[in-house]
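Right, one structure below, let's go through it.
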Amino acid sequence: WTLRAAITLLVIAAGLPALLRLRRTPHRLAALLAASLLIVALASVAASGDPTRSFFGHFGWAVGWLPLAGLVSAWALGAVLTASWVRRVETTVLIAVAFNGLIAVLQTAFRPPVPALEVVSDRAAALTGNPVILGGLLAAGAGLAVARHRPRAAALMAAPLAFAAMTTASRSALLALIAVTLYAIWHHRWLKGVAIAGALVLAVGGGILFTDAMSRDVESVARLSSDGGIAVRLDLWATGAEATLDRPVIGSGPGLFRDAVTPLRSLEEVAAQASGDQWIDAHNVVVEFAVTTGLLGLLLLLGWLGVAGWRARGPLALFALVALGVHLLQPMSLVLTTLALLALGASMTRVDEAGPTWRSAGAAIPAVLCGAVLLFGAFQLDSGRVDFKVGAAESAARLLPMYPDAAVAASRAHSLRAIETRDPAANDMAVEWRVEAIDRDPTSAFLWQGLGEIHLAESDWVRAEAAFTQALVHDPWLSGAHVGLVRVAIATLDTAAAASHLDVIDALGFDDVADELRLQLESAAG
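Take 59 as the starting number for the sequence shown in this note's numbering and just add one per residue.
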C-alpha cells in the first residue's frame with residue numbers, strides 16, 4: 059500500500075496542474091466539477107471532528123482527502139494525454155492486468171511462501187493485495203480486450219483474464235464479467251460476439267473449477283453463490299443513509315465513514331455480520347461520498363463523472379465503466395480506482411492541448427521526498443509489527459505521525475518486552491504509546507479496547523473499566539469490550555454489572571464465550 063500511496067503523491071504533483079490546464083479546453087465543465095468536489099471535500103475536512111485523519115485518511119485504505127486528490131489528479135492526467143499516449147496507456151494497462159492475472163493463477167496453484175505473494179483468505183490477490191480489487195481489475199481488463207481487439211484476438215486475450223478473475227472468488231468480478239459478456243455480443247455483432255461470449259463463459263467455468271480444486275478453504279462456488287455479504291452491505295448502506303441525514307450538506311468528512319456509521323449500527327446488524335469488523339469504507343462509492351462529503355459532494359461527484367463519461371469513447375471508456383461499476387459493491391482502491399479514473403480521462407475526446415509537460419516538475423520534488431519518508435516509515439513499521447522491534451516501531455511512529463498504526467506497533471513491542479523482562483517501565487511505555495495511538499484516532503473502539511486489555515493485565519480494574527466503556531461509546535456492540543467489562547466484573551465481584559454485557563455477548567453469537575464467563579463469574583462469587 060505504501061508504494062501505491064507514494065506514487066499517488068507523484069500523481070497529485072503532476073495531476074493538479076493538469077487539472078488547472080483543463081479550464082482552457084472543452085473539458086472545462088468536468089474540470090470545474092472535479093475541482094469543486096475537492097474544495098467541498100476540503101471544507102468537509104475542516105468541519106469534521108478529526109481534520110488530520112480526514113485529510114490523510116486511514117493507513118492501507120483509499121479514503122480521505124489526499125487519496126481523493128490523487129483520483130482527481132489521475133483523471134486530469136488522462137484527460138491531457140495526446141492520442142499517441144492514449145494508445146500506450148491501453149497497451150500498458152493490458153500488460154499490467156495480464157501480469158497480475160498470471161500471478162493470480164500461479165498463487166492459486168502453488169501458494170508461494172513469499173509474504174508479498176501469499177493468498178488472502180484462500181483467494182488470489184496478486185500484486186493488488188486485495189482479492190476483490192484484483193477481481194475487478196481482471197474483469198475490467200477483459201472488457202478492455204473485448205473492446206480493443208478483433209473477435210479472435212479479443213477472445214484469446216479476454217478469456218484467460220476471465221479465468222484468472224475466478225481465482226479471487228469475487229462476486230463483483232463475476233457480475234462485471236457478465237456485463238462484459240453482454241457487451242461482447244453487442245459490440246462484435248451477434249455471431250462473432252456470441253463466440254467471444256462462449257469463450258468467456260467457458261473460461262469462467264474453468265476458473266471456478268480450477269479454484270475449487272486448489273482451494274483449502276471454502277469452495278469458490280459456495281462463496282460466489284452466498285448472499286450473506288450482500289445482506290450485510292444493504293444493512294450498512296441503510297445505516298449510511300441515516301448517517302447522511304445527520305450531516306446532509308458536507309458530510310462527516312472524507313475518510314470518516316467509520317466514525318459516522320459505527321455508533322448507529324444495530325445489534326442485529328452487527329450480529330448478522332458475524333466477524334465484528336468495522337467498515338472503514340462503505341463498499342459503495344455513492345454511499346461513501348454521501349456520508350463523508352454530504353449530498354453536495356455526492357452531486358458534484360456524479361456530475362463530474364457524468365460529464366466526463368458523456369465525452370468518453372473507445373476501449374478505455376469500457377475499462378473505466380466496468381472498474382467504476384465494481385465500486386458499487388467494493389471499496390475504493392489506490393490501484394483499481396486510480397486506473398479507472400486515468401482510463402476515464404484518457405478515453406475522453408482529445409483536445410488540442412499538448413500532453414504532459416515538464417513545467418510542473420518542480421512540484422514533484424516535495425512529493426518524492428514525502429514518498430521517501432512514507433516508504434521508510436512503512437519499512438520501520440513492518441519491522442516493528444513482525445519482529446516487535448521497539449526502536450523500529452517508535453521510529454515509524456515518529457515518521458508517520460498522522461497514522462495510529464505505528465503507535466500501536468510500538469505499544470505491542472513494549473508489552474512483549476514487559477512480559478519477557480517483567481520491567482514495569484516497559485509496561486508504562488506500552489500504555490503511553492497506546493494512548494498516543496488513541497490521540498491519533500480517538501474514535502477507534504479497537505484502540506480503546508486494546509488500552510483496556512493492557513490495564514486488565516495490570517489488574518487496574520478502574521482504568522480498564524473506563525477504557526472498555528469508552529470503546530462502547532464508539533462501537534456499542536464491540537464484543538471484545540463487552541468481554542473485558544465482564545472480566546472486570548468478575549474481578550470486582552460485581553454480578554449485576556456483568557449481566558447486560560453477557561446478554562450482548564450472547565446476542566452477538568458468542569454463546570460459548572458467554573457460558574465460560576458465567577462459569578467464571580459464579581466461581582468467583584462462591
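We put the beta carbon where it would ideally sit given N, CA and C, even for glycine.
Residue environment: residue 148 is assigned as buried (16 or more neighbouring CB atoms within 10 Å of its CB, all protein chains considered).
Counting C-beta atoms within 10 angstroms of its own C-beta, residue 389 has 16 or more neighbours from the protein chains shown and is therefore classed as buried. Straight through space, the alpha carbons of residue 582 and residue 118 are spaced by roughly 43 Å. For residue 151, the enclosing alpha helix (DSSP H) covers residues 141-168. Cβ neighbours of residue 239 within its own chain (closer than 6 Å, five residues either side excluded): 255, 258. In this chain, residue 314 is not harboured by any alpha helix (DSSP H), its DSSP state being neither H nor E.
CA-CA distance, residue 565 to residue 329, rounds to 7 Å.
A contact between stretches requires three or more CB pairs, one per stretch, nearer than 8 Å, and the stretch 319-328 meets this requirement with the stretch 289-298. Under the DSSP assignment, residue 224 falls outside any alpha helix (DSSP H); it carries neither an H nor an E label. Annotated three-state conformation of residue 177 is coil, per DSSP. Rounded to the nearest whole angstrom, the C-alpha separation of residue 456 and residue 489 is 17 Å.
Proximity of the stretch 132-149 to the stretch 83-102 meets the contact definition, three or more beta-carbon pairs being nearer than 8 Å. Between residue 77 and residue 130, the C-beta spacing is below 8 Å. Of the residues assessed, residue 574 falls on the exposed side of the cut-off, its CB having fewer than 16 other CB atoms within 10 angstroms. Judged by DSSP secondary structure, residue 487 falls within the alpha helix (DSSP H) whose first and last residues are 482-498. The bridge partners DSSP lists for residue 406 are 370. Under the 10 Å beta carbon count, residue 305 is surrounded by 16 or more other beta carbons and is classified as buried. Leaving aside the five residues that flank residue 331 on each side, the residues in its chain whose CB is nearer than 6 Å to its CB run, in chain order, 290.
Residue 128 has its alpha-carbon roughly 14 Å from the corresponding atom of residue 426.
Where residue 469 is concerned, the enclosing alpha helix (DSSP H) starts and stops at 463-479. By the criterion of a C-beta distance shorter than 6 Å, residue 487 is surrounded in its chain by 472, once the five residues flanking it on both sides are discounted.
The DSSP-derived three-state label of residue 116 is coil. The DSSP-derived three-state label of residue 335 is coil.
Each residue's CA atom was taken as its position, placing residue 166 and residue 362 some 39 Å apart. Less than 8 Å divides the Cβ of residue 125 from the Cβ of residue 392.
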